[in-house]
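**Q**
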Amino acid sequence: MKKKLSMLCLLAGASVYSQIGIGTSSPKATLHIEPSSITNPTGQDGILIPRMNKFPNSAVAKGQLIYMFNNTNTTILDGLYIWNGVLWDYLVRAPYIITQDDSLYNAQGEGFSLGSTNSNSEQSVLFSSIVPLNRDGFSLSTNKLRIGKKGSYYISFSSGLKTTSPAPTRATFYFQLKRNGSTVISTSSSIPVERISGSNIVMADIVSLSAGDEITVTVTKPSEASTSNITYSGFGNNALTLTYLHE
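Read in order, the letters of the sequence shown are residues -20 to -1, 1 to 227 in mature numbering (1 follows the signal peptide of the UniProt record, and there is no 0).
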């Protein structure tokens, strides 16, 4: 009896490490699962990930995997999601096969004019088309991009200015990207003192948007007496790109 009790105490105090094999007697990993047949598997072969129609919101472990389906929010697609410690990232979107990035929304156009009659006046940057893979309620009207779904977006804008007349001094321009009329991103650019010259600008930031918000871009040339008779115009393509990040 004493020997048996001593053996039980010894086992209770020891750590036991093992590999688990399902369908195999020689597991090659911590968990090794073999199908009933490699060439002719049945519907019972495979791993069934926990399925749910609502994300767990408490006691979630980083790396936890679930299969989401029939969520009441139509922007959340069926598929595998993993908790990254901050939010749920989707791994596979079903039933879609993604051949292009469907999180991009791009508005394009050309031109805006600035000259002696436009000094210190705010001009609209022109957009004539929108190129999303999936419109999701996005639309473009009178140079305003209307947002189709709520979320955080990485927004970038690029454009250019030029003059074909010699300018005696450097001319400065201010670009503003606005959400419902309020500036959320801004930058400045200038055209140097040269006979024929131009300048390109790029600005970008992460912005939270709601469905129905309107995005516009404007450009302003402050009043500068020495350049008041010089004509400036758009140069190249106006490109406004939104990349959907998460809700």
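Backbone N, C-alpha and C define an ideal beta-carbon position, used for all residues, glycine too.
Note that this is a predicted model, so its numbers are computed, not measured.
Kindly confirm or deny that the segment 181 to 190 and the segment 50 to 70 touch, where touching means at least three C-beta pairs closer than 8 Å.
**A** Result no; under three Cβ-Cβ pairs closer than 8 Å.
**Q** Straight-line CA distance for D25 to V66?
**A** Taking the sequence shown and counting its residues from 1, one reaches residue 25 at position 45. Taking the sequence shown and counting its residues from 1, one reaches residue 66 at position 86. Taking the straight line from one Cα to the other gives about 33 Å.
**Q** Starting from S142, follow the beta strand (DSSP E) in both directions and report where the run begins and ends.
**A** Within the sequence shown, residue 142 is the residue found at index 162, counting from 1. The sequence shown places Lys at residue 142, not Ser. It spans G131 to T143 - the beta strand (DSSP E) in which K142 sits, taken as one unbroken run.
**Q** Do residue 298 and Y133 have their CB atoms nearer than 8 Å?
**A** The chain is shown from -20 up to 227; residue 298 falls before or after that span and cannot be answered.
**Q** Identify which residue in V182, I56 and I135 has its Cα closest to the Cα of G216.
**A** Along the sequence shown, read from residue 1 onward, the residue named residue 216 stands at position 236. Out of V182, I56 and I135, V182 has the C-alpha closest to the C-alpha of G216.
**Q** So, is the C-beta of T211 closer than 8 Å to a C-beta in chain B?
**A** Looking for chain B here will not work: only one protein chain is present.
**Q** Can you round the beta-carbon distance between I13 and P30 to whole angstroms, since I take them to be within the 8 Å contact cut?
**A** Your numbering for residue 13 matches position 33 in the sequence shown. Your numbering for residue 30 matches position 50 in the sequence shown. Between P30 and I13 the Cβ distance is about 16 Å, and since that is not below 8 Å, they are no contact.
**Q** A41: which of Y61, T22 and I27 sits nearest, CA to CA?
**A** For this step, residue 41 is matched to residue 61 along the sequence shown. Among Y61, T22 and I27, the Cα nearest to that of A41 belongs to Y61.
**Q** Nearest CA to the CA of F137: which residue from G59, T196, N33 and L11?
**A** Along the sequence shown, read from residue 1 onward, the residue named residue 137 stands at position 157. It is T196 whose Cα lies nearest to the Cα of F137.
**Q** Would you list, in sequence order, the uninterrupted beta strand (DSSP E) runs of no fewer than 3 residues that lie entirely inside the segment 20 to 74?
**A** Within the segment 20 to 74, the complete beta strand (DSSP E) runs of at least 3 residues are 45 to 48, 59 to 63 and 68 to 73.
**Q** Return the CA-CA distance between V199 and S168, expressed in angstroms with no decimal places.
**A** The residue you call residue 199 lines up with position 219 of the sequence shown. The residue you call residue 168 lines up with position 188 of the sequence shown. Cα to Cα, the separation comes out at about 9 Å.
**Q** Between the alpha carbons of L106 and T152, how many angstroms are there, rounded?
**A** Numbered from 1 along the sequence shown, position 126 holds the residue referred to as residue 106. Numbered from 1 along the sequence shown, position 172 holds the residue referred to as residue 152. Their Cα atoms are separated by approximately 20 Å.
**Q** Determine, using beta carbons only, whether E90 and N218 come nearer to each other than 8 Å.
**A** For the purposes of this step, residue 90 is taken as residue 110 along the sequence shown, with counting starting at 1. For the purposes of this step, residue 218 is taken as residue 238 along the sequence shown, with counting starting at 1. Against a cut-off of 8 Å, the Cβ pair of N218 and E90 comes out as a contact.
**Q** Buried or exposed for A39, going by 16 or more other Cβ atoms inside 10 Å?
**A** Along the sequence shown, one-based indexing puts residue 39 at 59. Per the 10 Å Cβ criterion, exposed.
**Q** What number of angstroms, rounded off, separates the C-alpha of K124 from the C-alpha of T211?
**A** Along the sequence shown, one-based indexing puts residue 124 at 144. Along the sequence shown, one-based indexing puts residue 211 at 231. Rounded to the nearest angstrom, the two C-alpha atoms are 25 Å apart.
**Q** Let me know the secondary structure DSSP gives G214 once reduced to three states.
**A** Translated into the one-based positions of the sequence shown, residue 214 becomes position 234. Looking at G214 - three-state DSSP - the assignment turns out to be strand.
**Q** Anyone know if the C-beta pair for L220 and A87 falls short of 8 Å?
**A** Sequence index remark: in the sequence shown, residue 220 carries index 240 (1-based). Sequence index remark: in the sequence shown, residue 87 carries index 107 (1-based). In this structure, A87 lies closer than 8 Å to L220 by Cβ.
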